[in-house]
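This report concerns only the one structure given below.
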Amino acid sequence: MLACVRSAAVFGIDAAQVNVEVDVSYGLPGFTMVGLPDPSVRESRDRIRSAIRNSGFEFPLHRITVNLAPADVRKAGSSFDLPIALGILAASGIVRRRDVDDVLVLGELSLDGAIQAARGVLPIAAAARRRRFRGLLLPLANSREAAVVGDLEFYPVQSLTEAVGALNDPKPVALCGDSHEESTEVVHGDFADVRGQLSARRALEIAAAGGHNVLLAGPPGSGKTMMARRTAGILPPLTFDEALEVTAIHSVAGLLPAGTGLLRARPFRAPHHTLSDVALAGGGSIPRPGEISLAHHGVLFLDEMPEFSRQALEVLRQPLEDGLVRIARAQRTAVFPARFVLIGAMNPCPCGYLGDPRRACRCTPPQVDRYAGRLSGPLRDRMDLTVDVTALPPHDLTSTTGGESTASIRARVETARSRQQARAEVTGVSVNARLPPRALRRVCDLDRKGERLLRQASERLGLTARAFDRVLRVARTIADLEASPQVAVDHIAEALQFRGT
Ligand SMILES: Nc1ncnc2c1ncn2[C@@H]1O[C@H](COP(=O)(O)OP(=O)(O)O)[C@@H](O)[C@H]1O
Ligand SMILES: [Mg+2]
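Under this note's numbering, the first residue of the sequence shown is numbered 1366, with each subsequent residue one higher.
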């Protein structure tokens, strides 16, 4: 008896349909799987046998052959347990349909027949809708995530028995995908908590407004981490499409907490400098997203940036240029989006106290040079803004009042971003940081004084063409924050101030 159940495999943040064909025929009892399954699929054999028995069904003592097709789609993970088990039960007549072609099925089984949460449910639900399936049979724990995709009938189940019931006697469940919205101030902390640090706050506001990368240089305890985290909160709220992408990435990475619907807060990722380049950029035999993709549409904070290995910093370069990362595998290349605001932090010297009034620096000048040199070249070239942060004296920490709140900074950022969005038709990009040189000139209407200042500075400082463009991009953002169509001399002057050495 032949039965067929439809499922899907995730690759990158997309899902491809996989047909689970099950044949149960007379012969010596056996259970084989074909279709290039990953070792984890082979392991599922034992789980499936136990789950079927422990759910009170009979496990057929015949020859069972399972084929996962097409063969060239790489299958991993355990979410084929449920479709295979249902296929076996369909071939032996317990599920009363031989060909389940209108409902996509996924879920991992435990030995007792319970169904566990799966990775990548959002991309699979999206694929189900794209391929015009009527419904989705899925683990109950993933239902909020799946419900983000509309126009599908949902069959959330907790056990194999329930899954059999859902196919024999379908009763779709209406799901509500909207998770409660937590305000970004709660998630990331509020900028009002940050005292002083006007220059760093300003740089971070500009960075958020124009999508620029920032380097914060300052001693330990000066608030770099604190301010970086809050920068995610001053970015405008995610649009629905952005939220879909962010949620899909976290879903594929297996980092979506159970019961989560759409992720609404901008991501903030702060990987440690000892992290491997694979964990940073993504990888694995079945490619999984790395930190740079988990930071997509949000903030990637690299604390103690010079301590990252050369290899790790190297893998950052291309994504910083392209906004995505490609992971090549034998059959296909996975593409993960990776567009983020990069905030790098470094100490002014290896001991951290160079120029700090609180404590004397113990480093020799060559040590200081070597430390700064580790961030040289191409990567520094991609930092649009550089700020020296000094620690607030203890007295100021208690006496100065906090600064402007996240909500009020965000309002300005949103205005600046909508101005950039309005120009997108001309420029082809949505933020100034990504303006290609040609488009940059077209949207920077410099006043005469501005023109002169920029030319003088460029000669005096020996700016490269790249550095020149960087100043101009930042100046464009500063003008946008003031809702000024023209880029004026003040904007250029401020942008020059944030130029790194
Ligand atoms: N400007 C500031 N305003 C308020 N608190 C601050 C400020 N700077 C530092 N702090 C306090 O010091 C702690 C350490 O700051 P942190 O952001 O970790 O510094 P860094 O990352 O530069 O080492 C913060 O959690 C905060 O409590
Ligand atoms: Mg820190």
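For every residue, glycine included, the Cβ atom is placed at its ideal position computed from N, Cα and C.
For a quick check, are the C-beta atoms of residue i and residue j less than 9 Å apart?
| i | j | result |
| --- | --- | --- |
| Ala-1756 | Ser-1587 | yes |
| Leu-1744 | Arg-1682 | yes |
| Leu-1621 | Ala-1608 | no |
| Ala-1804 | Val-1791 | yes |
| Ala-1613 | Ala-1491 | yes |
| Ile-1449 | Val-1387 | yes |
| Leu-1667 | Arg-1631 | no |
| Arg-1407 | Val-1470 | no |
| Asp-1810 | Pro-1850 | yes |
| Ser-1770 | Phe-1556 | yes |
| Ser-1405 | Ala-1374 | no |
| Leu-1502 | Ala-1531 | yes |
| Leu-1517 | Gly-1500 | yes |
| Ala-1798 | Asn-1533 | no |
| Val-1431 | Val-1468 | no |
| Gly-1619 | Ala-1512 | no |
| Ser-1641 | Val-1486 | no |
| Ser-1652 | Phe-1863 | According to the sequence displayed, residue 1652 carries Pro and not Ser. Contact flag unset, no. |
Ligand 4 and residue i: does any heavy atom of the ligand fall closer than 8 Å to the residue's C-beta?
| i | result |
| --- | --- |
| Thr-1590 | In the structure shown, ligand 4 is absent; the only ligands present are ligand 1 and ligand 2. |
Assuming residue i and residue j form a contact by the criterion Cβ under 8 Å, report the distance between their Cβ atoms to the nearest whole angstrom.
| i | j | result |
| --- | --- | --- |
| Val-1854 | Gly-1815 | 4 Å |
| Val-1331 | Ile-1453 | The chain is shown only over 1366 to 1866; residue 1331 falls outside these bounds and no answer can be derived. |
| Glu-1679 | His-1638 | Actually they do not touch by this definition, with Cβ atoms about 14 Å apart. |
| Leu-1665 | Phe-1705 | 4 Å |
| Gln-1562 | Val-1778 | Actually they do not touch by this definition, with Cβ atoms about 17 Å apart. |
| Leu-1433 | Phe-1445 | 7 Å |
| Ala-1646 | Val-1690 | 5 Å |
| Arg-1410 | Phe-1396 | 6 Å |
| Ala-1528 | Leu-1580 | Actually they do not touch by this definition, with Cβ atoms about 53 Å apart. |
| Arg-1560 | Thr-1766 | 7 Å |
| Arg-1788 | Val-1808 | 6 Å |
Distance check for residue j and residue i, CA to CA, integer angstroms please.
| i | j | result |
| --- | --- | --- |
| Thr-1590 | Arg-1820 | 36 Å |
| Val-1522 | Arg-1835 | 53 Å |
| Arg-1868 | Glu-1570 | Not covered by the structure: residue 1868. The range shown for the chain is 1366 to 1866. |
| Pro-1713 | Pro-1802 | 32 Å |
| Asp-1379 | Thr-1604 | 20 Å |
| Glu-1686 | Asp-1749 | 13 Å |
| Arg-1566 | Phe-1519 | 46 Å |
| Arg-1784 | Gly-1576 | 13 Å |
| Pro-1731 | Leu-1818 | 34 Å |
| Thr-1596 | Leu-1707 | 10 Å |
| Gly-1717 | Ala-1572 | 25 Å |
| Asp-1464 | Gly-1392 | 23 Å |
| Gly-1865 | Asp-1466 | 60 Å |
| Ser-1650 | Asp-1558 | 44 Å |
| Thr-1698 | Gly-1655 | 15 Å |
| Arg-1739 | Ile-1417 | 58 Å |
| Pro-1320 | Val-1752 | Because residue 1320 is not part of the residues shown, which for the chain are 1366 to 1866, the question remains open. |
| Ala-1822 | Asp-1845 | 22 Å |
| Ile-1692 | Arg-1735 | 33 Å |
| Pro-1715 | Ser-1773 | 36 Å |
| Glu-1610 | Val-1385 | 28 Å |
Starting from the C-beta of residue i, find all residues in its chain whose C-beta is less than 8 Å away, skip the five residues before and the five after it, and write them out in chain order.
| i | result |
| --- | --- |
| Gln-1481 | Ser-1443, Gly-1472, Glu-1473, Leu-1474, Ser-1475, Pro-1504 and Ala-1506 |
| Gln-1786 | Ser-1795 |
| Arg-1831 | Asp-1746 |
Just to confirm my understanding: we take residue i, look at its own chain, exclude 5 residues before and 5 after, and list those with CB closer than 6 Å. What are they?
| i | result |
| --- | --- |
| Gly-1624 | Arg-1509 |
| Ala-1381 | Ala-1374 and Val-1438 |
| Met-1711 | Ala-1582, Met-1670 and Pro-1671 |
| Ser-1658 | Ile-1614, Gly-1647, Phe-1701 and Ala-1703 |
| Ile-1857 | Gly-1815, Leu-1818, Leu-1819 and Ala-1840 |
| Met-1366 | Val-1389 and Ala-1456 |
| Asp-1721 | Pro-1584 |
Here's a check: name, in chain order, each residue in its chain whose Cβ is nearer than 7 Å to the Cβ of residue i, leaving out the five neighbours to either side.
| i | result |
| --- | --- |
| Ala-1860 | Val-1836, Val-1839, Ala-1840 and Ile-1843 |
| Phe-1673 | His-1638 and Leu-1667 |
| Ala-1568 | Val-1579, Leu-1750, Val-1752 and Phe-1863 |
I'd like to know if residue i contacts chain D, where contact means its C-beta is closer than 9 Å to some C-beta of that chain.
| i | result |
| --- | --- |
| Asp-1668 | Of the protein chains in the structure, only one exists, and it is not chain D. |
Quick check for students: name the residue ranges of the beta strand (DSSP E) that lie wholly in the region 1618–1650, counting only runs of 3 or more.
Fully enclosed beta strand (DSSP E) runs of no fewer than 3 residues are not present anywhere in the region 1618–1650.
Can you list the alpha helix (DSSP H) stretches of 4 or more residues lying completely in the region 1722–1792, in chain order?
1730–1738, 1759–1764 and 1771–1792
Note down, one range per segment and in chain order, each alpha helix (DSSP H) of at least 4 residues found wholly within the region 1466–1554.
1486–1495, 1508–1512, 1525–1533 and 1549–1553
Let me know the beta strand (DSSP E) ranges lying completely inside the region 1389–1476, each 3 residues or longer, listed in chain order.
1395–1399, 1428–1434 and 1464–1470
Uninterrupted alpha helix (DSSP H) stretches inside the region 1671–1709 (no shorter than 4 residues)
1675–1687
In chain order, which continuous runs of the beta strand (DSSP E) of length 3 or greater are located wholly inside the region 1563–1604?
1579–1582
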